[in-house]
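Contents: one structure, followed by commentary.
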Amino acid sequence: MENYTEKVDYAVRYLSETITKKPEVCVILGSGLSRIAEEVEERTVIRYRDIRGFPSSMVRGHSGEIISGRCAGKRVIMFNGRFHFYQGYPLQEVVLPVRVANELGAGTLIVTNASGGINRFFASGDIMLITDHINMLGSNPLIGRETASYGPIFVDMTEPYDLTLVDAVKQAALRRGLGELKEGVYLSTIGPSYETKAEISFFEKIGADAVGMSTVPEVIVANQLGMRVLGISVVANMACGISKTPLSHDDVLENVDRASERLVRLVKETLGSVL
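Note that my numbering has the sequence shown beginning at 2, numbered continuously upward.
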């Protein structure tokens, strides 16, 4: 199945046989954030590997399954585990879940990730609402021949993250006792190695508050499709040169797990009272 649109269409047809009610919101779960998926009721679970042509998630902390159902009163489709550029997948494959979810009916994307903190006022365990991003992947998921059904490839990125939504989520978090949320610019690199001190120093100078290896491709495509976007980043550790200890994936997962209860409450509050 070499044709990309055929791959998208096949996944949509396959999922439509099981997911009988249109999802309103697509949620992509980053490293160690699968606990959110446990909150889905009336759930249907479909493994990535059961969908012909669908990529697999092979990174620890990413389960590799689709969960459909209801969460906080909203019909959701959650992708528990994402695909990464550093795994060798083309960016067109990385964004496949967003295209599939949109065709199934989702008009809003909530994208989550674990990141390294660059802003020196941040601390491990903070939750940052993404207000903008910097693409340091060296590529773009819209590269290639324009597909009319997906919309134009020259996508305006003035406000890739819905800032009205960001403000509403911050206020909801304060009302519900979830504490103050950080805001900032997320910078995406290819990975999988962590950044050097010199790179982090450069990223800080150009305005990045946190760094990670995901999210930007999905957000670009969501904007192409006209979806509302909310980006939520868990600061799993402070970045190289700011952190006083060497970085490891085990520490990332452990720190994200500590913040996961608060994040679950935040996502449920967003679904229930903001969207």
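From the three backbone atoms N, C-alpha and C, an ideal C-beta is built for every residue, glycine too. Bear in mind the structure is a predicted one, so any value in this text is a computation, not a measurement.
Problem set entry | Residue environment, P153, which counts as buried when at least 16 other CB atoms sit within 10 Å | Locating residue 153 in the sequence shown gives position 152, where the first residue counts as 1. Exposed, since its Cβ has fewer than 16 Cβ neighbours within 10 Å.
For this session: Entirely within the region 19–94 and at least 3 residues each: give me those beta strand (DSSP E) ranges in chain order.
Result: 26–30, 42–48, 66–72 and 75–81
For this session: State the Cα-Cα distance for the pair S35 and V265, rounded to the nearest angstrom.
Result: Mapped onto the sequence shown, residue 35 falls at position 34. Mapped onto the sequence shown, residue 265 falls at position 264. Their backbone Cα atoms lie some 9 Å apart in a straight line.
Problem set entry | Span separating the alpha-carbon of V328 from that of R50 | The shown model of the chain, from 2 to 276, leaves out residue 328, and the question about it has no answer.
Problem set entry | According to DSSP, residues forming a beta bridge with D133 | Indexing the sequence shown from 1 puts residue 133 at position 132. According to DSSP, which records beta bridges pairwise, D133 is partnered with V186.
Exercise. Does the region 248–264 come close enough to the region 207–214 that 3 or more CB-CB pairs lie under 8 Å?
Worked result: no
Problem set entry | Local Cβ density within 10 Å of G74, reported as buried at 16 or more and exposed below that | Here residue 74 refers to the residue found at position 73 of the sequence shown. G74 should be labelled exposed.
Problem set entry | Contact under 8 Å by Cβ, V112 with V275 | Working through the sequence shown from its first residue, we reach residue 112 at position 111. Working through the sequence shown from its first residue, we reach residue 275 at position 274. Their beta carbons are not under 8 Å apart, which means V112 does not touch V275 by this criterion.
For this session: Could you say which of P56, L105 and R100 lies nearest to H85 if we only look at CA atoms?
Result: As a position in the sequence shown, residue 85 is number 84, starting the count at 1. Comparing Cα-Cα distances from H85 to each of P56, L105 and R100, the minimum goes to P56.
Exercise. What does a CB cutoff of less than 6 Å around N114 pick up in its chain, not counting 5 residues either side in sequence?
Worked result: The residue given as residue 114 occupies position 113 in the sequence shown. In the same chain as N114, and ignoring 5 residues on each side of it, the C-beta atoms closer than 6 Å to its own belong to G31, G213, S215, T216 and S234, in chain order.
For this session: Could you have a look at L267 and say whether DSSP puts it in helix, strand or coil?
Result: In the sequence shown, residue 267 corresponds to position 266, counting from 1. The answer is helix: DSSP assigns L267 an H, G or I state.
For this session: Locate the beta strand (DSSP E) running through T109, then write down its first and last residues.
Result: Working through the sequence shown from its first residue, we reach residue 109 at position 108. Here the beta strand (DSSP E) through T109 covers T109 to G118.
For this session: Look at the alpha carbon of S244 and the alpha carbon of V186, and state the distance between them as a whole number of angstroms.
Result: Taking the sequence shown and counting its residues from 1, one reaches residue 244 at position 243. Taking the sequence shown and counting its residues from 1, one reaches residue 186 at position 185. S244 and V186: Cα-Cα distance of roughly 19 Å.
Exercise. Can you tell me the Cα-Cα spacing of A12 and R121, whole angstroms?
Worked result: Against the sequence shown, residue 12 aligns to sequence position 11. Against the sequence shown, residue 121 aligns to sequence position 120. Taking the straight line joining both Cα atoms gives about 43 Å.
For this session: Please name the residue or residues paired with S234 in a DSSP beta bridge.
Result: For the purposes of this step, residue 234 is taken as the residue at position 233 of the sequence shown. According to DSSP, S234 bridges with N114 and M129.
Problem set entry | One or two residues paired with M239 in a DSSP bridge | Translated into the one-based positions of the sequence shown, residue 239 becomes position 238. M239 pairs with G118.
Problem set entry | Selection from A199, A102, I37 and E42 that minimises the alpha carbon distance to Y15 | Against the sequence shown, residue 15 aligns to sequence position 14. Closest by alpha carbon: A102.
Problem set entry | Length-filtered (4 minimum) alpha helix (DSSP H) runs lying within the region 188–234 | 198–206 and 217–225
Exercise. Is R76 near K8, with beta carbons less than 8 Å apart?
Worked result: Here residue 76 refers to the residue found at position 75 of the sequence shown. Here residue 8 refers to the residue found at position 7 of the sequence shown. The Cβ atoms of R76 and K8 lie no closer than 8 Å to each other.
For this session: Leaving out five residues on either side along the sequence, give the residues of the same chain with a beta carbon under 6 Å from the beta carbon of E270.
Result: Within the sequence shown, the letter at position 269 stands for residue 270. Cβ within range, chain order: A173 and R177.
For this session: Classify D163 as helix, strand or coil using the three-state DSSP reduction.
Result: The residue you call residue 163 lines up with position 162 of the sequence shown. It is coil, neither helix nor strand.
Exercise. Whose C-alpha, out of K198, L188, D133 and D10, is nearest the C-alpha of P98?
Worked result: As a working mapping, residue 98 is identified with position 97 in the sequence shown. Minimum Cα distance to P98 is reached at D10.
Problem set entry | For R14, three-class secondary structure by DSSP | Here residue 14 refers to the residue found at position 13 of the sequence shown. Reduced to three states, the DSSP call for R14 is helix.
For this session: Pick helix, strand or coil for T6, following the three-state DSSP scheme.
Result: What you label residue 6 is simply residue 5 of the sequence shown in a count that begins at 1. Three-state result, T6: helix.
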